[in-house]
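In the numbering used here, the protein residues as written are 2 to 191.
Here's the structure, in structure tokens; my notes come after.
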């Protein structure tokens, strides 16, 4: 028998739907919402602590497994309209987060192109236009142009190989949370 991995000890597995459960105990529906946001509930921001918890839990579970968000509430708080409102607010929050990430990706793409073009421009100037005898001032300018070209080339590679990958990982997490089903389970208060 194969040894269980750490996330298999932390999260319950629903064999019927083949999903891992991210379980959250709440005192009321309002615990999910940001206290400082005065917007209507459907458009309200999600509480940072709730978001951090589900994001961190989602990161624990490998992407080849689906997830469900299970919210435990007291039986006395059961309200189907509030359930629907909470699900709507949850979906709106993560849809907005995905839109923001799309915008950040397009800005990164534009910056990456700029870094590459400006790097090639500066390195070309440094290589082709500073030949022959040089004064101290022109030598400093020459070295500065080369250094600037290499810095922009470094930014290009950082954007391509590091920043883009980080944004892609963040996008996968938020997409997964957006697609996750939300289940409400009500428990009897003693």
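Each residue gets a CB set at the ideal place from its N, CA and C atoms; glycine is no exception.
Taking residue i as the reference, which of the options has the closest Cα?
{"i": "residue 177", "options": "66, 25, 9, 35", "result": "66"}
{"i": "residue 170", "options": "57, 6, 31", "result": "57"}
{"i": "residue 97", "options": "175, 190, 186", "result": "175"}
{"i": "residue 95", "options": "151, 32, 158, 46", "result": "46"}
{"i": "residue 156", "options": "119, 64, 129, 53", "result": "119"}
{"i": "residue 107", "options": "151, 164, 73, 150", "result": "164"}
{"i": "residue 123", "options": "158, 82, 143, 93", "result": "143"}
Quickly, what does DSSP pair residue i with across the bridge? List them, please.
{"i": "residue 24", "result": "71"}
According to the Cβ coordinates, are residue i and residue j closer than 8 Å?
{"i": "residue 188", "j": "residue 71", "result": "no"}
{"i": "residue 161", "j": "residue 86", "result": "no"}
{"i": "residue 116", "j": "residue 153", "result": "yes"}
{"i": "residue 21", "j": "residue 62", "result": "yes"}
{"i": "residue 168", "j": "residue 109", "result": "yes"}
If we ignore side chains and look at the alpha-carbon of each, how far apart do residue i and residue j end up?
{"i": "residue 60", "j": "residue 25", "result": "16 Å"}
{"i": "residue 125", "j": "residue 100", "result": "38 Å"}
{"i": "residue 78", "j": "residue 181", "result": "23 Å"}
{"i": "residue 91", "j": "residue 179", "result": "8 Å"}
{"i": "residue 190", "j": "residue 75", "result": "6 Å"}
{"i": "residue 139", "j": "residue 102", "result": "44 Å"}
{"i": "residue 11", "j": "residue 23", "result": "9 Å"}
{"i": "residue 172", "j": "residue 8", "result": "21 Å"}
{"i": "residue 2", "j": "residue 18", "result": "Confidence in residue 2 is poor, its pLDDT being 45 and thus under 50, which makes the residue's placement too unreliable to answer from."}
{"i": "residue 84", "j": "residue 29", "result": "11 Å"}
{"i": "residue 6", "j": "residue 82", "result": "39 Å"}
{"i": "residue 129", "j": "residue 136", "result": "17 Å"}
{"i": "residue 80", "j": "residue 104", "result": "36 Å"}
What distance in whole Å lies between the Cβ atoms of residue j and residue i, which are believed to be in contact at a cut-off of 8 Å?
{"i": "residue 34", "j": "residue 48", "result": "6 Å"}
{"i": "residue 186", "j": "residue 73", "result": "5 Å"}
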